[in-house]
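If you read the sequences in order, they're chains A and B.
Read in order, the letters of the first sequence correspond to residues 0 to 367 in numbering that gives the first Met the number 0.
Read in order, the letters of the second sequence correspond to residues 0 to 245 in numbering that gives the first Met the number 0.
Where is the CB? At the ideal position from N, CA and C, for every residue including glycine.
Just so it is clear, the structure is predicted and the values come from calculations on it, not from any experiment.
Input: a single structure, listed below in structure tokens.
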Amino acid sequence: MVYKFTKNPEKRTLPKAETMAKWMKRNLFSTKTNSVISLFILSGLLKIITPLFNWLFIDAVWVGDSATCRKASGACVAFIKEKFVYIIFGPYPREEIWRPGLTIFLIFALLWWSKEPSRWSKKLIKWWVSCLVVSWILMSGGFGLSLVENSQWGGLPLTIILSFIGIAISYPLGIALALGRRSSMPLIKSFCVIYIELIRGVPMISLLFMSSVMFPLFLPEGVSVDKLLRAQVAIIMFISAYMAEVVRGGLAAIPKGQYEAADALGLNYFQTMKGVILPQALKIVIPPSVNTAIGMLKDTSLVIIIALFDLLSTTKASMKDPEWLGYSVEGYFFAALIYFILCFSMGKYARRLEVEFHRGHKNREVSI
Amino acid sequence: MSNAPIIEMNNMNKWFDDFHVLKNINFKVENGEKIVICGPSGSGKSTLIRCINRLESHQNGKILVDGTELTNNIKNIDRIRADVGMCFQHFNLFPHLSILDNLTLAPIWVRKESKKAASELAMHFLEKVKIADQALKYPGQLSGGQQQRVAIARALCMKPKIMLFDEPTSALDPEMVKEVLDVMVSLAEEGMTMLCVTHEMGFARQVADKVVFMDDGQIVEEAKPDEFFDNPQHERSKEFLSQILH
Ligand SMILES: Nc1ncnc2c1ncn2[C@@H]1O[C@H](COP(=O)(O)OP(=O)(O)OP(=O)(O)O)[C@@H](O)[C@H]1O
Ligand SMILES: [Mg+2]
Numbered sequence: 000m001v002y003k004f005t006k007n008p009e010k011r012t013l014p015k016a017e018t019m020a021k022w023m024k025r026n027l028f029s030t031k032t033n034s035v036i037s038l039f040i041l042s043g044l045l046k047i048i049t050p051l052f053n054w055l056f057i058d059a060v061w062v063g064d065s066a067t068c069r070k071a072s073g074a075c076v077a078f079i080k081e082k083f084v085y086i087i088f089g090p091y092p093r094e095e096i097w098r099p100g101l102t103i104f105l106i107f108a109l110l111w112w113s114k115e116p117s118r119w120s121k122k123l124i125k126w127w128v129s130c131l132v133v134s135w136i137l138m139s140g141g142f143g144l145s146l147v148e149n150s151q152w153g154g155l156p157l158t159i160i161l162s163f164i165g166i167a168i169s170y171p172l173g174i175a176l177a178l179g180r181r182s183s184m185p186l187i188k189s190f191c192v193i194y195i196e197l198i199r200g201v202p203m204i205s206l207l208f209m210s211s212v213m214f215p216l217f218l219p220e221g222v223s224v225d226k227l228l229r230a231q232v233a234i235i236m237f238i239s240a241y242m243a244e245v246v247r248g249g250l251a252a253i254p255k256g257q258y259e260a261a262d263a264l265g266l267n268y269f270q271t272m273k274g275v276i277l278p279q280a281l282k283i284v285i286p287p288s289v290n291t292a293i294g295m296l297k298d299t300s301l302v303i304i305i306a307l308f309d310l311l312s313t314t315k316a317s318m319k320d321p322e323w324l325g326y327s328v329e330g331y332f333f334a335a336l337i338y339f340i341l342c343f344s345m346g347k348y349a350r351r352l353e354v355e356f357h358r359g360h361k362n363r364e365v366s367i
Numbered sequence: 000m001s002n003a004p005i006i007e008m009n010n011m012n013k014w015f016d017d018f019h020v021l022k023n024i025n026f027k028v029e030n031g032e033k034i035v036i037c038g039p040s041g042s043g044k045s046t047l048i049r050c051i052n053r054l055e056s057h058q059n060g061k062i063l064v065d066g067t068e069l070t071n072n073i074k075n076i077d078r079i080r081a082d083v084g085m086c087f088q089h090f091n092l093f094p095h096l097s098i099l100d101n102l103t104l105a106p107i108w109v110r111k112e113s114k115k116a117a118s119e120l121a122m123h124f125l126e127k128v129k130i131a132d133q134a135l136k137y138p139g140q141l142s143g144g145q146q147q148r149v150a151i152a153r154a155l156c157m158k159p160k161i162m163l164f165d166e167p168t169s170a171l172d173p174e175m176v177k178e179v180l181d182v183m184v185s186l187a188e189e190g191m192t193m194l195c196v197t198h199e200m201g202f203a204r205q206v207a208d209k210v211v212f213m214d215d216g217q218i219v220e221e222a223k224p225d226e227f228f229d230n231p232q233h234e235r236s237k238e239f240l241s242q243i244l245h
């Protein structure tokens with residue numbers, strides 16, 4: 000679809016209200032070939048959707064126990080209901096569940112608040128830092144709260160913490176690496192090139208392994224660094240290399256004239272980057288950055304191999320309950336749904352940002 | 000000091016790798032002088048004026064701008080850039096900033112002016128280039144001629160002593176050339192020192208104190224505009240003029 004934008008971020012010009020039949024005639028059955036293709040796709044969709052609908056609603060068990068489930072042919076939603084708290088919060092002590100709950104609430108609330116670019120300021124960064132500190136205290140205890148080892152953290156909070164902190168730190172790090180890679184100073188340049196190529200050349204799993212198995216070997220005896228922290232560092236190292244390449248693409252798209260104009264005005268390197276180059280380059284790379292971020296969010300599920308209980312691990316663990324064996328489809332379906340909601344909203348938000356940032360550019364058409 | 004030339008080049012040479020672009024340039028500009036530089040494509044005109052604010056670096060010889068020598072010394076470069084404003088063929092406005100922000104960015108960050116003072120100065124110059132009503136628009140919303148006038152205003156906001164123009168009208172539609180030249184003429188009338196690469200003969204005759212003709216990296220001829228256009232001395236100048244006048 001193509002939306003037209005003029006001076007202000009105007010609302011999309013939606014098609015005029017038209018009857019369903021008219022719309023279908025115009026869009027689906029306008030020509031013979033078009034009709035054949037439409038019918039083909041519609042029948043295919045029907046074939047997939049009908050059994051899915053039956054499975055999830057008609058034949059499903061929404062209330063009941065494992066015995067009722069075993070008799071029915073549809074989905075065992077009761078299983079999800081039973082395991083909901085464990086899947087979402089993992090092995091966190093049951094009586095303290097409000098703490099990770101509040102943490103997730105705080106993070107989402109602040110995310111919601113931060114979504115308007117007009118609210119982006121230094122103050123907002125301070126808010127985020129305080130939010131993370133409060134989250135940390137809530138999760139791990141202290142200040143009158145009972146202590147909870149982070150080996151007991153799990154589920155959604157763990158996934159959110161690993162990926163959001165990962166993205167938040169690796170984004171600026173990636174920018175720095177990208178700038179370093181274009182630097183004229185040979186030492187900085189070669190460091191950045193080697194770092195980026197090395198990290199991109201290995202799978203994230205091996206980085207996670209190294210962080211959990213090899214990294215402790217390099218530490219002096221008696222010093223131990225928390226497993227969660229090590230995983231977090233590995234994740235940050237990994238995404239920042241990818242972010243760097245994404246940002247580099249944006250930097251390469253900025254015409255030389257912009258640097259020259261900035262030089263001629265007497266701006267120094269950092270002023271040029273901050274005021275002229277990065278705002279344009281980062282805007283260009285919103286779509287690939289979000290792509291990387293989404294990939295990253297899903298990649299956090301790999302921490303399962305170093306025995307951290309992220310969302311996918313808790314889902315898997317709950318399938319092992321002897322009383323509820325055999326409902327893995329339901330479990331995976333549920334986990335996928337949560338990942339989908341998170342990733343889909345990220346993608347949708349990114350598209351909105353893109354449109355918003357096109358404000359002011361000459362009647363530019365943005366296709367979404 | 001006031002009688003010393005504001006720009007002085009002594010035996011200046013520049014290479015791009017092993018390509019000798021500027022050969023033994025000796026060149027002086029007095030305070031307040033208006034100079035038009037012309038010559039065939041690839042003769043090194045742009046490179047010459049870009050050496051003045053160090054967008055290009057020269058390899059030997061000397062360049063003095065307002066008494067400061069251009070070397071690798073960052074302080075000198077900064078001092079000279081503060082004195083020299085530049086306008087480009089393709090305007091090079093910052094597309095993500097409003098017109099007003101384009102004008103105030105450098106005064107606030109480089110000259111450390113307050114936002115209020117910078118905005119007032121910006122509006123003053125926008126008024127001068129007759130475009131104050133567009134201050135809150137973005138560059139992409141203006142015509143080429145308007146953008147070039149904004150670019151001139153942006154350079155003026157840094158209060159330069161010297162203005163460099165690199166073919167400021169050659170990317171413009173014909174009907175917009177005049178509005179930009181008018182601004183440049185009024186700037187000349189106020190006594191700004193100007194170096195202008197252009198093939199606008201009318202402009203050269205009207206404001207230039209001197210026309211400099213370059214060919215193949217050398218300054219071939221320097222003369223008053225009337226003398227140069229009516230009675231060029233060198234073969235190559237004659238040839239060049241016969242080409243652009245037809
Ligand atoms: N960055 C560069 N690297 C290598 N060669 C260059 C570079 N910039 C310019 N040149 C070469 O130097 C010569 C002079 O270029 P310059 O841009 O100064 O010419 P000009 O007189 O301004 O021409 P025009 O009228 O086309 O703008 C040309 O032959 C050009 O190919
Ligand atoms: Mg040129």
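How should Leu176 (chain A) be labelled, buried or exposed, when 16 other C-beta atoms within 10 angstroms of its C-beta is the threshold for buried? To locate residue 176 (chain A), count along the first sequence from 1; it is residue 177. Buried, by the Cβ-count rule.
With DSSP collapsed to three states, give me the class of Thr12 (chain A). Along the first sequence, one-based indexing puts residue 12 (chain A) at 13. Here Thr12 (chain A) scores only 49 on pLDDT, less than 50, and its place in the model should not be relied on; the value that follows carries that caveat. It is coil, neither helix nor strand.
Going by Cα to Cα distance, which pick from B:Cys86, B:Asp229, B:Met11 and B:Phe18 is closest to Glu259 (chain A)? The residue labelled residue 259 (chain A) in the question sits at position 260 within the first sequence. Comparing Cα-Cα distances from Glu259 (chain A) to each of B:Cys86, B:Asp229, B:Met11 and B:Phe18, the minimum goes to B:Cys86.
Starting from the C-beta of Asp215 (chain B), find all residues in its chain whose C-beta is less than 7 Å away, skip the five residues before and the five after it, and write them out in chain order. Your numbering for residue 215 (chain B) matches position 216 in the second sequence. Ser42, listed in sequence order.
Apart from the five residues on each side of it in sequence, which residues of its chain come closer than 6 Å, Cβ to Cβ, to Pro321 (chain A)? Within the first sequence, numbered from 1, the residue matching residue 321 (chain A) stands at position 322. Here the set comprises nothing.
Among B:Phe15, B:Phe18, B:Ile24 and B:Asn9, whose alpha-carbon lies nearest the alpha-carbon of Met213 (chain B)? Here residue 213 (chain B) is taken as the residue at index 214 of the second sequence, counted from 1. The option with the nearest alpha carbon to Met213 (chain B) is B:Ile24.
Identify each residue in the stretch 242-275 of chain A for which the Cβ-Cβ distance to at least one residue of chain B is less than 7 Å, and report them in chain order. Hits within the stretch, in order: Gly256, Gln257, Glu259, Ala260, Asp262, Ala263, Leu264, Gly265, Leu266, Gln270, Gly274 and Val275.
Out of A:Pro202, A:Leu307 and A:Ser134, point me to the one whose CA is closest to Leu109 (chain A)'s CA. Start at 1 with the first residue of the first sequence, and residue 109 (chain A) comes out as number 110. Minimum Cα distance to Leu109 (chain A) is reached at A:Ser134.
For His19 (chain B), three-class secondary structure by DSSP: Stepping through the second sequence from its first residue, residue 19 (chain B) is reached at position 20. Looking at His19 (chain B) - three-state DSSP - the assignment turns out to be strand.
Residues of chain A with CB under 7 Å from Met85 (chain B), in chain order? Counted from its first residue, the second sequence places residue 85 (chain B) at position 86. What Met85 (chain B) touches in chain A: Ala263.
With DSSP as the reference, identify every bridge partner of Val28 (chain B), one or two as the case may be. By one-based count along the second sequence, residue 28 (chain B) stands at place 29. Looking at the DSSP output, Val28 (chain B) sits in a beta bridge with B:Ile6.
Among A:Leu131, A:Gly179 and A:Val289, which one has its Cα closest to the Cα of Phe343 (chain A)? On the first sequence, position 344 is the one that residue 343 (chain A) refers to. Out of A:Leu131, A:Gly179 and A:Val289, the CA that lies nearest to the CA of Phe343 (chain A) is found in A:Val289.
Within 10 angstroms of the Cβ of Gln375 (chain A), are there 16 or more other Cβ atoms? Answer buried if so, exposed if not. Residue 375 (chain A) falls outside the range modelled here, since chain A spans only 0 to 367, and no answer is possible.
Beta-carbon proximity list for Thr299 (chain A), same chain, < 6 Å, skipping 5 on both sides: Locating residue 299 (chain A) in the first sequence gives position 300, counting from the first residue. So the qualifying residues of the chain are Thr158, Leu161, Ser162 and Asp309.
Count the other CB atoms within 10 Å of the CB of Ile119 (chain A); is the residue buried (16 or more) or exposed (fewer)? Sequence index remark: in the first sequence, residue 119 (chain A) carries index 120 (1-based). Sequence check: residue 119 (chain A) is Trp here, not Ile. Looking at its Cβ environment, which holds fewer than 16 other Cβ atoms inside 10 Å, Trp119 (chain A) is exposed.
Host beta strand (DSSP E) of Ile161 (chain B) (start-end): Here residue 161 (chain B) is taken as the residue at index 162 of the second sequence, counted from 1. It spans Ile161 to Asp165 - the beta strand (DSSP E) in which Ile161 (chain B) sits, taken as one unbroken run.
Between the stretch 150-168 of chain B and the stretch 66-84 of chain B, can you find at least three pairs of beta-carbon atoms closer than 8 Å? Between the stretch 66-84 of chain B and the stretch 150-168 of chain B there are three or more inter-stretch CB-CB distances shorter than 8 Å, so the stretches are counted as touching.
My understanding is that Val245 (chain A) touches Val284 (chain A), with C-beta atoms under 8 Å, so please give their C-beta distance in whole angstroms. Here residue 245 (chain A) is taken as the residue at index 246 of the first sequence, counted from 1. Here residue 284 (chain A) is taken as the residue at index 285 of the first sequence, counted from 1. That belief holds up - the Cβ atoms of Val245 (chain A) and Val284 (chain A) are roughly 5 Å apart, short of 8 Å.
Is Met368 (chain A) buried or exposed, if buried means 16 or more other CB atoms sit within 10 Å of its CB? For chain A, the structure presents residues 0 to 367; residue 368 (chain A) sits outside this window and is missing.
Just to make sure I have the definition right: I need the residues of chain A whose C-beta is within less than 9 Å of the C-beta of Phe93 (chain B). Which are they? Along the second sequence, read from residue 1 onward, the residue named residue 93 (chain B) stands at position 94. Annotation: Cβ neighbours of Phe93 (chain B) in chain A (cutoff 9 Å, chain order): Gln257, Ala260, Ala261, Gly274, Val275, Pro278 and Gln279.
Any residue with its Cβ nearer than 5 Å to a heavy atom of ligand 1 should be included. What is that list in chain order? Residues flagged by the Cβ proximity filter: B:Phe15, B:Val20, B:Ser40, B:Gly41, B:Ser42, B:Gly43, B:Lys44, B:Ser45 and B:Thr46.
Go through its chain and collect everything with a Cβ distance to Asp16 (chain B)'s Cβ below 6 Å, but skip five positions before and after it. Working through the second sequence from its first residue, we reach residue 16 (chain B) at position 17. No residues qualify anywhere along the chain.
Using a Cβ-Cβ distance under 9 Å, would Thr18 (chain A) count as near chain B? Position 19 of the first sequence holds residue 18 (chain A). For Thr18 (chain A), the answer is no, since every Cβ of chain B falls outside 9 Å of its Cβ.
Can you pull the chain A residues whose beta carbon is under 7 Å from the beta carbon of Arg148 (chain B), in chain order? Counting from 1 along the second sequence, the entry for residue 148 (chain B) is found at position 149. Taking the beta carbon of Arg148 (chain B) as reference, no residue of chain A falls within 7 Å; the closest one sits roughly 15 Å away.
For a contact defined as C-beta to C-beta under 8 Å, what are the partners of Asn52 (chain B) on chain A? As a working note, residue 52 (chain B) is residue 53 in the second sequence. Per Cβ cutoff of 8 Å: Asp262 and Ala263.
Any contact of the stretch 232-251 of chain A with the stretch 265-281 of chain A, i.e. 3+ C-beta pairs under 8 Å? The stretch 232-251 of chain A is in contact with the stretch 265-281 of chain A.
Does the Cβ of Gln88 (chain B) lie closer than 8 Å to at least one heavy atom of ligand 2? Residue 88 (chain B) sits at position 89 when you count from the first residue of the second sequence. Residue side-chain check: Gln88 (chain B) places its Cβ nearer than 8 Å to a non-hydrogen atom of ligand 2.
Please go through the stretch 300-355 of chain A and give each complete beta strand (DSSP E) segment of 3 or more residues, from N-terminal end onward. Here no run is fully enclosed.
Kindly list, in the order they appear in chain A, the residues whose Cβ is closer than 9 Å to that of His89 (chain B). The residue you call residue 89 (chain B) lines up with position 90 of the second sequence. Within chain A, the residues near His89 (chain B) are Pro254 and Gly256.
Bounding residues of the alpha helix (DSSP H) (the contiguous stretch that carries Phe212 (chain B)): Residue mapping note: residue 212 (chain B) aligns to position 213 of the second sequence, counting from 1. No alpha helix (DSSP H) contains Phe212 (chain B), which is instead part of the beta strand (DSSP E) from Lys209 to Asp214.
Can you tell me where the beta strand (DSSP E) with Lys158 (chain B) in it begins and where it stops? In the second sequence, residue 158 (chain B) corresponds to position 159, counting from 1. In the DSSP assignment, Lys158 (chain B) falls outside any beta strand (DSSP E), carrying neither H nor E.
Can you grab the Cα-Cα spacing for the pair Thr46 (chain B) / Arg53 (chain B), in whole Å? Translated into the one-based positions of the second sequence, residue 46 (chain B) becomes position 47. Translated into the one-based positions of the second sequence, residue 53 (chain B) becomes position 54. Rounded to whole angstroms, Thr46 (chain B) to Arg53 (chain B) spans 10 Å at the Cα level.
Check the Cβ of Ala105 (chain B) against every Cβ in chain A and list those closer than 7 Å, keeping chain order. For the purposes of this step, residue 105 (chain B) is taken as the residue at position 106 of the second sequence. Per Cβ cutoff of 7 Å: Leu264, Gly265 and Leu266.
For Thr197 (chain B) and His19 (chain B), I'd like the C-alpha separation in whole angstroms. Taking the first residue of the second sequence as 1, we reach residue 197 (chain B) at position 198. Taking the first residue of the second sequence as 1, we reach residue 19 (chain B) at position 20. Taking the straight line from one Cα to the other gives about 23 Å.
For Lys177 (chain B) and Tyr348 (chain A), the rounded distance between their alpha carbons: Numbered from 1 along the first sequence, position 349 holds the residue referred to as residue 348 (chain A). Numbered from 1 along the second sequence, position 178 holds the residue referred to as residue 177 (chain B). A direct Cα-Cα distance of roughly 46 Å separates Tyr348 (chain A) from Lys177 (chain B).
Does DSSP put Ile36 (chain B) in a helix, a strand or coil? Counting from 1 along the second sequence, the entry for residue 36 (chain B) is found at position 37. Looking at Ile36 (chain B) - three-state DSSP - the assignment turns out to be strand.
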